[in-house]
Amino acid sequence: MFVLVTGGSGFIGSHTCVELLNQGYDVVVVDNLCNSSVEVFQRIECITGKSVFFHQVDLLNKESLARVFETYSIQAVIHFAGLKAVGESTQIPLNYYHNNLTGTLNLLDVMAQNKVFDLVFSSSATVYGENNPIPYVEHFPLGSTSPYGRTKVMIEQFLKDAYASDNRWNVSVLRYFNPVGAHPSGLIGEDPNGIPNNLMPFITQVAVGKREKLNVFGGDYPTPDGTGIRDYIHVVDLALGHIKALEKLASQTEKSIDAYNLGAGVGYSVLDVVKAFEKASDQKIPYDIMPRRAGDIAEFYANAEKALSELGWQVSLSLEDMCRDAWNWQSNNPDGYASKLK
Ligand code: NAD
Ligand code: WQD
401 MFVLVTGGSG
411 FIGSHTCVEL
421 LNQGYDVVVV
431 DNLCNSSVEV
441 FQRIECITGK
451 SVFFHQVDLL
461 NKESLARVFE
471 TYSIQAVIHF
481 AGLKAVGEST
491 QIPLNYYHNN
501 LTGTLNLLDV
511 MAQNKVFDLV
521 FSSSATVYGE
531 NNPIPYVEHF
541 PLGSTSPYGR
551 TKVMIEQFLK
561 DAYASDNRWN
571 VSVLRYFNPV
581 GAHPSGLIGE
591 DPNGIPNNLM
601 PFITQVAVGK
611 REKLNVFGGD
621 YPTPDGTGIR
631 DYIHVVDLAL
641 GHIKALEKLA
651 SQTEKSIDAY
661 NLGAGVGYSV
671 LDVVKAFEKA
681 SDQKIPYDIM
691 PRRAGDIAEF
701 YANAEKALSE
711 LGWQVSLSLE
721 DMCRDAWNWQ
731 SNNPDGYASK
741 LK
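For the sequence shown, our numbering begins at 401 and goes up steadily by one.
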């Protein structure tokens with residue numbers, strides 16, 4: 401069975417390709433490589449002994465995308481492709497709207513033309529905005545504070561409207577919490593451009609000597625140690641959630657659109673992560689407590705019961721595993737995919 405993975409050379413997409421290949425799926429990737437490297441495919445092959453069919457395609461180019469659908473008998477799509485930096489999205493909001501919204505509309509159109517209706521979509525916990533109580537439950541009202549987050553809220557609405565108009569659509573919306581870690585092989589992982597925006601890649605770059613120290617954004621939140629609390633999820637657990645979602649779409653006779661939180665259901669503070677990382681890597685992480693980062697909230701984590709009861713999915717990897725694997729990836733590839741394959 402051919403599965404099309406948009407954004408499949410990116411961080412979460414590449415880990416999902418590995419799990420798809422391990423489960424015997426044939427994988428076609430489209431990616432414009434705006435935030436990823438073609439080097440990842442060689443590494444996916446080292447891990448799995450199998451290859452993906454890669455096409456460098458921008459979702460904004462509908463004709464190129466349509467040609468991919470003509471080439472393979474695609475049965476389902478996992479849609480990761482998009483721009484994802486919250487801060488950057490406030491600087492260049494129209495690029496975010498154009499890329500994420502138009503890219504998705506093109507994809508949906510080409511899918512419908514080819515009568516492919518099974519879709520797994522990468523959404524985010526950011527769709528819960530800042531006014532919901534924690535833990536977040538799927539039925540909560542949605543709203544987001546950044547242009548990036550609003551693209552996710554809007555795409556979720558596109559998908560609901562598409563299903564309401566034509567119930568051949570069969571959609572699983574996966575709302576990720578904070579994906580971190582790397583494949584345990586150390587061959588693939590997160591490779592941000594420039595200064596990392598997110599906590600774990602910043603910590604690993606401090607550990608490997610690329611950055612002097614961590615800036616902890618806020619030490620005065622109403623949390624036990626004053627630092628922000630998040631629900632971190634190992635990227636391999638997250639990748640496996642996509643397989644479960646695909647299996648459900650393929651097996652259900654009644655098509656549907658459903659949203660699922662993919663998180664551990666447990667919150668850790670920034671300082672918890674620093675301590676766990678120091679233990680797992682045997683490296684010291686110097687840090688300074690800085691003012692809060694604009695747009696951050698004190699604490700959020702998932703209620704992950706729906707994914708367990710309806711997808712049969714739950715996390716199996718711990719914070720320690722996340723830190724160990726993130727460090728294994730970074731220490732073996734100090735320059736990410738630009739590092740030589742060992
Ligand atoms: P990533 O940037 O590593 O991967 C996204 C991929 O999409 C990249 O390889 C990029 O080159 C590609 N891409 C972007 N625009 C494209 C276009 N127009 N055409 C073709 N390819 C395009 O990001 P990731 O962390 O793997 O995230 C994957 C998805 O999950 C994204 O939709 C992101 O918004 C969502 N998500 C990520 C996180 C996170 O913390 N990483 C959390 C929640 C949701
Ligand atoms: C985690 C904690 C920071 C960096 C983001 C997006 C969200 C989703 C996941 C896509 C917070 C603190 C961070 C640093 C720090 N992505 N921190 N120093 O902000 O929870 O979520 O990624 O959908 O939409 O907003 O993740 O890793 O940036 O931050 O102290 O250098 O670490 O303040 O408490 P966040 P993060």
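Yeah, the Cβ is synthetic: ideal placement off N, Cα and C, and Gly gets one too.
Distance cut-off 7 angstroms: residue i Cβ against heavy atoms of the ligand NAD
{"i": "I689", "result": "no"}
{"i": "D721", "result": "no"}
{"i": "F746", "result": "Past the edges of the chain, shown from 401 to 742, lies residue 746, and the structure says nothing about it."}
{"i": "C417", "result": "no"}
{"i": "C434", "result": "yes"}
{"i": "S464", "result": "no"}
Three-way DSSP call (helix, strand, coil) for residue i in this model
{"i": "N661", "result": "strand"}
{"i": "R747", "result": "Residue 747 falls outside the range modelled here, since the chain spans only 401 to 742, and no answer is possible."}
{"i": "N422", "result": "helix"}
{"i": "I588", "result": "coil"}
{"i": "N615", "result": "strand"}
{"i": "T406", "result": "strand"}
{"i": "D518", "result": "strand"}
{"i": "Y668", "result": "strand"}
{"i": "Y528", "result": "helix"}
{"i": "L741", "result": "coil"}
{"i": "Y632", "result": "strand"}
{"i": "P579", "result": "strand"}
{"i": "Y563", "result": "helix"}
{"i": "V608", "result": "coil"}
{"i": "S651", "result": "helix"}
{"i": "Y621", "result": "coil"}
{"i": "S523", "result": "strand"}
{"i": "V573", "result": "strand"}
Distance cut-off 7 angstroms: residue i Cβ against heavy atoms of the ligand WQD
{"i": "G549", "result": "yes"}
{"i": "T526", "result": "yes"}
{"i": "V670", "result": "yes"}
{"i": "G628", "result": "yes"}
{"i": "G602", "result": "For clarity, residue 602 is Phe in the given sequence; the question names Gly instead. Within the cutoff, so yes."}
{"i": "K742", "result": "no"}
{"i": "F617", "result": "yes"}
{"i": "L342", "result": "Given that the chain is displayed from residue 401 to residue 742, the structure contains no residue 342 and the question cannot be resolved."}
{"i": "N597", "result": "yes"}
{"i": "L801", "result": "No answer is possible for residue 801: it lies beyond the span of the chain, which begins at 401 and ends at 742."}
{"i": "L614", "result": "yes"}
{"i": "D696", "result": "yes"}
Residue burial classification, residue i (beta-carbon count within 10 angstroms, cutoff 16)
{"i": "R550", "result": "buried"}
{"i": "H642", "result": "buried"}
{"i": "D735", "result": "exposed"}
{"i": "E612", "result": "exposed"}
{"i": "D518", "result": "buried"}
{"i": "K679", "result": "exposed"}
{"i": "I595", "result": "exposed"}
{"i": "R467", "result": "exposed"}
{"i": "A650", "result": "exposed"}
{"i": "A676", "result": "buried"}
{"i": "K684", "result": "exposed"}
{"i": "G482", "result": "buried"}
{"i": "H539", "result": "exposed"}
{"i": "N500", "result": "buried"}
{"i": "V635", "result": "buried"}
Chain C contact for residue i (CB, 8 angstroms cutoff)
{"i": "A645", "result": "Protein chain content of the structure displayed is limited to a single chain, and chain C is not contained in it."}
request  = Entirely within the region 680 to 734 and at least 4 residues each: give me those alpha helix (DSSP H) ranges in chain order.
outcome  = With a minimum length of 4 residues, the continuous alpha helix (DSSP H) runs that stay inside the region 680 to 734 are 719 to 732.
inquiry  = Suppose only complete runs of 3+ residues qualify. What are the beta strand (DSSP E) ranges in the region 427 to 515, listed by chain order?
reply    = Counting only runs of 3 or more, we get 453 to 456 and 474 to 479.
message = Check whether the region 588 to 604 and the region 561 to 575 touch, using three or more Cβ-Cβ pairs below 8 angstroms as the test.
response = Contact between the region 588 to 604 and the region 561 to 575 is absent: fewer than three C-beta pairs spanning the two stretches fall below 8 angstroms.
query = Are the region 568 to 585 and the region 650 to 659 in contact at 8 angstroms, needing three or more beta carbon pairs?
reply = A contact exists between the region 568 to 585 and the region 650 to 659.
key: Cβ contact (3+ pairs, closer than 8 angstroms) linking the region 603 to 618 and the region 720 to 736   = Yes: the two stretches touch, three or more of their Cβ pairs being nearer than 8 angstroms.
query = If we count Cβ pairs, one from each stretch, closer than 8 angstroms, do we get three or more for the region 695 to 715 versus the region 498 to 509?
reply = In short, these stretches do not touch, since the Cβ pair count stays below three.
ask   = Does the region 412 to 425 come close enough to the region 477 to 495 to have 3 or more Cβ pairs within less than 8 angstroms?
value = Taking 8 angstroms as the limit for Cβ pairs, the verdict is that the region 477 to 495 does touch the region 412 to 425.
ask   = Would you call the region 437 to 454 and the region 577 to 589 in contact, with 3 or more CB pairs under 8 angstroms?
value = For the pair of segments examined, the region 437 to 454 was found to touch the region 577 to 589: the number of CB pairs separated by less than 8 angstroms reaches three.
request  = Pair every Cβ in the region 693 to 702 with every Cβ in the region 664 to 673, then say whether three or more of these pairs are closer than 8 angstroms.
outcome  = Note that the region 693 to 702 touches the region 664 to 673; at least 3 beta-carbon pairs, one per stretch, sit closer than 8 angstroms.
request  = Take every Cβ of the region 427 to 435, pair it with every Cβ of the region 450 to 459, and state whether three or more of those distances are shorter than 8 angstroms.
outcome  = Yes, since at least three Cβ pairs between the region 427 to 435 and the region 450 to 459 fall closer than 8 angstroms, the two stretches touch.
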